[in-house]
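Shown next, in structure tokens, is the structure this report addresses.
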Amino acid sequence: HIRERGWNTDQTLLGSIDASRTSTKQAVHPKILLLSINQNSIPPPPHFRVVAPPTYSRAPDSSTCNNRKMSAEAARKLLIGDDGAGTSKLEYFDIEGVAEQVRIAFSVADVPFEDVRIAWSDWGTKKPTTKYGQLPQLILPDGTIVTQSEAMLRLAGAADKQGKLYPDDAKSRLEIDQLLGLVGDFARAWRPCLYIGMRPQAFGHPEKKDWADADKTIEKLRTEFIKNELPRYL
735 HIRERGWNTD QTLLGSIDAS RTSTKQAVHP KILLLSINQN SIPPPPHFRV
785 VAPPTYSRAP DSSTCNNRKM SAEAARKLLI GDDGAGTSKL EYFDIEGVAE
835 QVRIAFSVAD VPFEDVRIAW SDWGTKKPTT KYGQLPQLIL PDGTIVTQSE
885 AMLRLAGAAD KQGKLYPDDA KSRLEIDQLL GLVGDFARAW RPCLYIGMRP
935 QAFGHPEKKD WADADKTIEK LRTEFIKNEL PRYL
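Each number in our numbering comes from the position in the sequence shown (counting from 1) with 734 added on.
Have a look at this one:
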């Protein structure tokens with residue numbers, strides 16, 4: 735009700751709304767009140783706020799290409815410096831592992847990088863110098879250390895000037911992110927089958943040299959994974 739809301743109840747305002755609603759005891763629909771205020775230039779009541787509708791403009795069709803170019807340039811600046819003369823250093827063991835996807839992505843995106851392979855014999859000395867005691871790690875030209883292989887992969891994909899690896903299109907990127915998540919799920923599920931042969935003590939078993947039926951147990955674990963779990967990811 736107008737009176738209950740503390741609004742001005744003079745007859746000019748009420749009459750401009752509807753002659754049949756001049757009684758201060760009748761409720762006035764907010765849309766009708768807004769229409770009356772706009773048409774008759776009557777100042778709005780103290781508790782009534784008029785909000786202009788937002789306006790939208792469609793970006794030109796070339797914006798997608800421009801955004802892609804800007805995004806790729808920004809990523810490349812991180813990886814090779816502002817002048818393009820820098821080089822990022824990717825450190826990992828001399829195996830494929832989780833760093834191989836990053837190496838391939840750099841190659842596809844035409845991003846030069848230093849592929850540093852750490853020998854197993856040097857890992858004991860190298861480990862304390864890493865940020866979280868693990869590899870891979872990517873050292874950018876400005877000294878920034880990147881520690882997660884999936885973050886490295888996305889950065890390499892963003893640096894692709896042609897947008898083949900990690901497109902700006904939201905739908906395409908969503909599909910890629912889902913696949914990356916699925917690969918991550920698979921890797922976590924398979925990890926015990928892989929590492930039980932390398933570090934069995936991490937899974938409650940003795941070291942392999944002291945574990946009599948190690949090979950039989952490992953084979954059984956891996957066979958059951960391939961039979962029961964692997965089909966879910968195919």
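Idealized CB from N, CA, C, for every residue including glycine.
Helix, strand or coil at residue i according to DSSP, with G and I counted as helix
i, result
"residue 967", "helix"
"residue 829", "coil"
"residue 871", "strand"
"residue 823", "strand"
"residue 834", "helix"
"residue 850", "strand"
"residue 940", "coil"
"residue 960", "helix"
"residue 815", "coil"
"residue 932", "coil"
"residue 843", "coil"
Option nearest residue i by Cα separation, candidates the options
i, options, result
"residue 850", "830, 865, 920, 842", "830"
"residue 895", "865, 841, 871", "841"
"residue 828", "803, 869, 862", "869"
"residue 832", "891, 917, 908", "917"
"residue 803", "939, 962, 902", "902"
"residue 877", "947, 823, 948", "823"
Residue i classed as buried or exposed, judged by whether at least 16 other C-beta atoms fall within 10 angstroms
i, result
"residue 814", "buried"
"residue 886", "buried"
"residue 897", "buried"
"residue 935", "exposed"
"residue 960", "exposed"
"residue 746", "Caution applies to residue 746, whose pLDDT of 39 falls short of 50 and renders its modelled position unreliable; the value that the coordinates give is listed next. Label assigned to residue 746: exposed."
Contact under 8 Å by Cβ, residue i with residue j
i, j, result
"residue 920", "residue 967", "yes"
"residue 845", "residue 893", "yes"
"residue 847", "residue 821", "yes"
"residue 825", "residue 852", "yes"
"residue 808", "residue 843", "no"
"residue 839", "residue 913", "no"
"residue 923", "residue 953", "no"
"residue 930", "residue 908", "no"
| request: Please go through the stretch 861-919 and give each complete beta strand (DSSP E) segment of 3 or more residues, from N-terminal end onward. | output: If we require 3 residues or more, the beta strand (DSSP E) runs fully inside the stretch 861-919 come out as 871-873.
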